[in-house]
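Reviewing the structure listed below.
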Amino acid sequence: MRKIKREIVSENIRIFGGVFFIAIVPLELINFIFVLFSDFKINGSTTKIINILLYYEYGPAFSLMIWFFLLVLIMFFWILGFYFLKFAKNPLDSKNYSKHLFLIGAILITLTFIKLYMLYLIERGILILDNTQIGFEQALLDFNFTPIYTYYMWRILPICDCYRIMVGIVMGAIGLYWLSVQEKEEKSKKELKTDQSKILQ
Numbered sequence: 007m008r009k010i011k012r013e014i015v016s017e018n019i020r021i022f023g024g025v026f027f028i029a030i031v032p033l034e035l036i037n038f039i040f041v042l043f044s045d046f047k048i049n050g051s052t053t054k055i056i057n058i059l060l061y062y063e064y065g066p067a068f069s070l071m072i073w074f075f076l077l078v079l080i081m082f083f084w085i086l087g088f089y090f091l092k093f094a095k096n097p098l099d100s101k102n103y104s105k106h107l108f109l110i111g112a113i114l115i116t117l118t119f120i121k122l123y124m125l126y127l128i129e130r131g132i133l134i135l136d137n138t139q140i141g142f143e144q145a146l147l148d149f150n151f152t153p154i155y156t157y158y159m160w161r162i163l164p165i166c167d168c169y170r171i172m173v174g175i176v177m178g179a180i181g182l183y184w185l186s187v188q189e190k191e192e193k194s195k196k197e198l199k200t201d202q203s204k205i206l207q
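Yeah, the sequence shown ends on 207 if you go by our numbering, and it's all consecutive.
In structure tokens:
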């Protein structure tokens, strides 16, 4: 019964973890790049958002580092998609498979929340443009500063993260459930052996 369940779970990991992860990362990267190279109006002139991040004072000193690590995390999720394809074919025994399933789910949830926190820090960053101060998220919402599509493209990033969190929760929950079932079975077998040895004595 568990073998059948494992085959079903492995197939779902291959599709929803592997194929979908590999597919949504290019979508994230396209939106990420479009946002960075979107027009931004300042005092009647137009520049790109990436130029503002590079040449203007933007929030805390580590802001560019956050953008860099955000890009690194996006690429990591892409690599993770290929790992899921490989993991779905993994011939690990049931207990090790369950442990890996739980750990991968936990790591995925943790990294996704880190990425969401980075997005939050970026959105709360303050753009200081000459004598004007405006929050990054507020600038995306204000069509006097940015084109109408920029905000919606930016919103794709947390939407993808919501999907990853759901996958991580399901993987972790299944792995934890199987581990608990296997431990109960092992405990029952040990108790049975103990009872049999007592009877033989």
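Where is the CB? At the ideal position from N, CA and C, for every residue including glycine. Just so we're clear, the structure is a prediction, and the values are computed from it rather than from any experiment.
Write down the C-beta distance between residue i and residue j rounded to the nearest angstrom, noting that I regard them as a contact closer than 8 Å.
i: Ile154; j: Ile72; result: Contact flag wrong, Cβ pair sits at about 25 Å.
i: Gly23; j: Gly87; result: 7 Å
i: Phe93; j: His106; result: 7 Å
i: Leu163; j: Leu125; result: 6 Å
i: Leu42; j: Ser104; result: Contact flag wrong, Cβ pair sits at about 41 Å.
Kindly list the residues whose CB is nearer than 7 Å to the CB of residue i, restricted to its own chain and excluding five residues on each side of it in sequence; keep chain order.
i: Phe26; result: none
i: Thr116; result: none
How would you call residue i, buried or exposed, if buried means at least 16 neighbouring beta carbons within 10 angstroms?
i: Ile55; result: buried
i: Leu109; result: exposed
i: Lys121; result: buried
i: Val78; result: exposed
i: Gly111; result: buried
i: Leu147; result: exposed
i: Ile85; result: exposed
i: Gly178; result: buried
i: Thr156; result: buried
i: Ile19; result: buried
With a Cβ-Cβ cutoff of 7 Å, do residue i and residue j count as a contact?
i: Ser44; j: Thr138; result: no
i: Thr118; j: Arg161; result: no
i: Asn37; j: Met159; result: yes
i: Glu34; j: Cys166; result: yes
i: Phe74; j: Ile58; result: no
i: Gly131; j: Ser69; result: yes
i: Gln188; j: Lys101; result: yes
i: Phe82; j: Val31; result: no
Excluding sequence positions up to five away, which residues of its chain have a Cβ less than 6 Å from the Cβ of residue i?
i: Tyr183; result: none
i: Phe40; result: Met159
i: Gly174; result: Gly111, Leu114, Ile115
i: Leu76; result: Met124
I'd like to confirm the pairing. Which residues does DSSP put opposite residue i in its beta bridges?
i: Phe46; result: Thr53
CB-CB under 8 Å to residue i, same chain, minus the five flanking residues each way: which ones, in chain order?
i: Ala145; result: Phe46, Leu133, Phe151, Thr152
i: Leu60; result: Leu70
i: Thr2; result: The structure shown does not extend to residue 2, since the chain is modelled only from 7 to 207, so the question has no answer here.
Is residue i close to the ligand NAP? I mean its beta-carbon at under 6 Å from any heavy atom of the ligand.
i: Ser100; result: Within the structure as shown, the ligand NAP is missing, as the structure has no ligands at all.
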